[in-house]
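Asker: I'd like to ask you about the structure that follows.
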Amino acid sequence: MNLQQRDKLVNWHPYTQMKTTEDAIPIVKGKGVYLFDDEGKRYIDAVSSWWVTLHGHAHPHIAQRVSEQLNTLEQVIFAGFTHEPAIQLAENLLQLLPSNQEKVFYSDNGSTAVEVALKMCIQFAYNQGKEKTKILAFKDAYHGDTFGAMSVSGRSVWTKPFGEMLFDVVFIDTPNSNNLENLTSQIKDIADEIACFIYEPLIQGAAGMLMHNPEDLSALMKFCKDQNILLIQDEVFTGFGRTGKLFAADYLTEEPDIMCFSKGLTGGTMPMGITTSSNEIFNAFLSEDKYKTLFHGHSFTANPLACTAALASMELLLSKETQENVNLISEKHKEFSKVLQQHSRVENVRQTGTILAWDFKTEQGTSYFNTIGKFFYKEFLNRGIIMRPLGNVMYLVPPYCITSEELDYIYESILQVLEMELN
Ligand SMILES: *Cc1c(COP(=O)(O)O)cnc(C)c1O
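Number 308 in the UniProt record's numbering belongs to position 308 of the sequence shown; there are no gaps in the numbering.
Here it is, written out as structure tokens:
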């Protein structure tokens, strides 16, 4: 049996209808921006393997550092024990974040980083003898697939089977220059009951790369702060350079209380989540009373290998070379946006830093299940490019090591595919 046949017998893939899906493509090797299949065909990974890969695949610097760590200390319980990589990573990360962020809580992925953040906010109120159980979120939000993270995500086909079991969340529109007053009056009436507001800053990724302005978000954040609503800024996707700056926070004038990270955190090498908090949050859990403890942890909390991968990735991220390349990608995307804007089959071209997205005009309308996405997906694969449209929403989120020539090749391919006869 070949890899595809063996895979089919034993593996259940994520977000995949296993009855109708095409066979999974076996990938045997990665190098830089390329992935290689079992027949030697190479693909440009234009979606950074679900938005995680920052510096390309199998980066030698990260590999070297993780390999050394693997031979030194691979794992240790993080209750009652600590280690250099976890300390160093917390020190380095906090230096880059808004100045009120002072503590790091480790977990395993983006969804768990969100779970931890929600628990911190709910228990922050509880520990002070207050009952605040309402949560505020954006309508089309995506914060992950565990139950808490699903609850604060927009209601959609993804959450439908679990509808009744998700906790109540107040959903609001994303802010724009016209609706701020409307939003704040919605919030004001129930502000006393709201524990926190969780949001994806600037870009709602899974919703279809929807973007809003930093000024409008800052104004909404300020209003919530004035109402004593804690702010959870989910930078799982936007963190580590994606927006052209290190964090979406670098565009905002207000500081969140809590931040969530994953995806690019380890450069896409290993799974890990981080929730950071201000000392105001942290101090509310300090007590002689054991019941005020944050009772949360995962077996692999602060895994030394993942921490080391994150440290190595951050060294690369802060290098002059990477910063220049992030700027180059942003500039080239901006130029290509102008071309796309002129295209008769394209609408809603939008860009923030290294993230470029647009809608393909279709009679089916904009939706995740728009079948056109599958057609484009295959056409790009034929051209050796991995792009994974969200329905008719097409986007690029390339690794930062991509070259100008590789980007040009992707842009040309996009223009070719946009011209194709659809059937
Ligand atoms: C992907 C994502 C998550 C969930 O992260 P996982 O590691 O897939 O659990 C949470 N929030 C945002 C904004 C995301 O894009």
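Glycine included, every Cβ here is placed at the ideal spot set by N, Cα and C.
All values derive from a computational prediction rather than experimental measurement.
Does the Cβ of Trp-12 have 16 or more other Cβ atoms within 10 Å, making it buried, or fewer, making it exposed?
Answerer: By the neighbour-count rule (16 or more Cβ atoms within 10 Å), Trp-12 is not buried but exposed.
Asker: Starting from Ile-410 and walking both ways along the alpha helix (DSSP H), at which residues does that stretch end?
Answerer: Run containing Ile-410: 404-418, per the alpha helix (DSSP H) assignment.
Asker: Short check: CB of Ala-113 to CB of Ser-262, under 8 Å?
Answerer: A contact, by the Cβ cut-off of 8 Å.
Asker: Could you tell me which of Gly-353, Val-339, Trp-358, Thr-16 sits nearest to Leu-202, measuring between CA atoms?
Answerer: Out of Gly-353, Val-339, Trp-358, Thr-16, Gly-353 has the C-alpha closest to the C-alpha of Leu-202.
Asker: Assuming contact is defined by CB atoms lying nearer than 8 Å, are Gly-268 and Ser-107 in contact in what I supplied?
Answerer: No, Cβ-Cβ distance for Gly-268 and Ser-107 is not below 8 Å.
Asker: Please classify Ala-90: is it buried, with 16 or more other beta-carbons within 10 angstroms of its beta-carbon, or exposed?
Answerer: Burial call: buried.
Asker: According to the neighbour-count rule (16 or more other Cβ atoms, all chains shown, within 10 Å of its Cβ), is Pro-14 buried or exposed?
Answerer: Exposed, since its Cβ has fewer than 16 Cβ neighbours within 10 Å.
Asker: At the level of alpha carbons, what is the spacing between Ser-299 and Ile-62?
Answerer: Going from the Cα of Ser-299 to the Cα of Ile-62 covers about 23 Å.
Asker: Give the DSSP-derived three-state secondary structure of Ala-58 in the structure shown.
Answerer: Here Ala-58 sits in coil by DSSP.
Asker: Just checking my contact of Asp-45 with Leu-35 at CB under 8 Å: how many whole Å lie between their CB atoms?
Answerer: About 5 Å separates the two Cβ atoms, so the contact holds.
Asker: By the three-class DSSP mapping on this structure, what secondary structure does Lys-134 have?
Answerer: Strand.
Asker: What is the DSSP secondary structure of Val-339, counted as helix, strand or coil?
Answerer: Reduced to three states, the DSSP call for Val-339 is helix.
Asker: Consult DSSP for Glu-315 and reduce its assignment to one of helix, strand or coil.
Answerer: Residue state, collapsed to three classes: helix.
Asker: What do you reckon, is the C-beta of Ser-48 under 7 Å from a heavy atom of ligand 1?
Answerer: No, Cβ of Ser-48 sits at least 7 Å from all heavy atoms of ligand 1.
Asker: With which residues is Ile-385 paired in a DSSP beta bridge?
Answerer: For Ile-385, which the question treats as bridged, DSSP gives the partners Ile-44.
Asker: Say the cut is 7 Å; is the CB of Tyr-395 nearer than that to a heavy atom of ligand 1?
Answerer: For ligand 1, not one heavy atom lies less than 7 Å from the Cβ of Tyr-395.
Asker: Are the region 309-322 and the region 51-70 touching by the rule of at least three beta carbon pairs closer than 8 Å?
Answerer: Taking 8 Å as the limit for Cβ pairs, the verdict is that the region 51-70 does touch the region 309-322.
Asker: If we ignore side chains and look at the alpha-carbon of each, how far apart do Val-349 and Gly-129 end up?
Answerer: Each residue's alpha carbon lies about 48 Å from the other.
Asker: Once you ignore the five residues that flank Met-346 on each side, which residues in its own chain have a CB closer than 8 Å to its CB?
Answerer: Checking the sequence shown, residue 346 turns out to be Val, not Met. The answer, listed in chain order, is Leu-340, Trp-358, Asp-359, Phe-360, Lys-361, Leu-418.
Asker: Round the Cβ separation of Val-104 and Thr-253 to the nearest angstrom and send it over; I've been treating them as touching at under 8 Å.
Answerer: Contact flag wrong, Cβ pair sits at about 24 Å.
Asker: Among Ala-284, Phe-240, Ala-249, which has the Cα closest to the Cα of Leu-265?
Answerer: Taking only the C-alpha atoms, the option nearest Leu-265 is Phe-240.
Asker: Got a list of residues with beta-carbon closer than 5 Å to any non-hydrogen atom of ligand 2, in chain order?
Answerer: In the structure shown, ligand 2 is absent; the only ligands present are ligand 1.
Asker: Exposed or buried, Glu-335, counting other C-beta atoms within 10 Å across all chains shown (16 or more means buried)?
Answerer: Classification of Glu-335: exposed, given that the 10 Å Cβ count is below 16.
Asker: Does the distance from the CB of Pro-304 to the CB of Glu-74 come in under 8 Å?
Answerer: Cβ atoms of Pro-304 and Glu-74: closer than 8 Å.
Asker: Just the Cα atoms here: how many angstroms apart are Leu-96 and Leu-294?
Answerer: Looking at the two C-alpha atoms, the distance is approximately 25 Å.
Asker: Could you check which residue in Met-150, Gly-244, Asn-283, Lys-292 has the C-alpha nearest to that of Pro-398?
Answerer: Out of Met-150, Gly-244, Asn-283, Lys-292, Gly-244 has the C-alpha closest to the C-alpha of Pro-398.
Asker: So, do the region 218-232 and the region 191-207 have three or more beta carbon pairs nearer to each other than 8 Å?
Answerer: Contact between the region 218-232 and the region 191-207 is present, because at least three Cβ pairs lie under 8 Å.
Asker: Can you check whether the CB of Phe-282 is closer than 8 Å to the CB of Glu-102?
Answerer: In contact: Glu-102 and Phe-282 (Cβ atoms closer than 8 Å).
Asker: Within the chosen definition, does the region 317-329 reach the region 137-155 through at least 3 CB pairs nearer than 8 Å?
Answerer: Contact between the region 317-329 and the region 137-155 is absent, because fewer than three Cβ pairs lie under 8 Å.
Asker: My guess is that Gly-391 and Phe-369 are in contact by the Cβ rule of under 8 Å, so how many angstroms apart are they, rounded?
Answerer: The pair is a contact, with the Cβ atoms about 6 Å apart (cut-off 8 Å).
Asker: Can you tell which of Leu-328, Leu-356, Cys-224, Asp-216 has the C-alpha that lies nearest to the C-alpha of Met-387?
Answerer: Among Leu-328, Leu-356, Cys-224, Asp-216, the Cα nearest to that of Met-387 is on Leu-356.
Asker: So, for Leu-328: in the same chain, excluding its five sequence neighbours on each side, which residues have a beta-carbon less than 8 Å away from its beta-carbon?
Answerer: Excluding positions up to five away in sequence, the list reads Ser-404.
Asker: Does DSSP classify Ile-372 as helix, strand or coil?
Answerer: Residue state, collapsed to three classes: helix.
Asker: Where does the unbroken alpha helix (DSSP H) through Gln-95 begin, and where does it stop?
Answerer: Start and end: 84-96.
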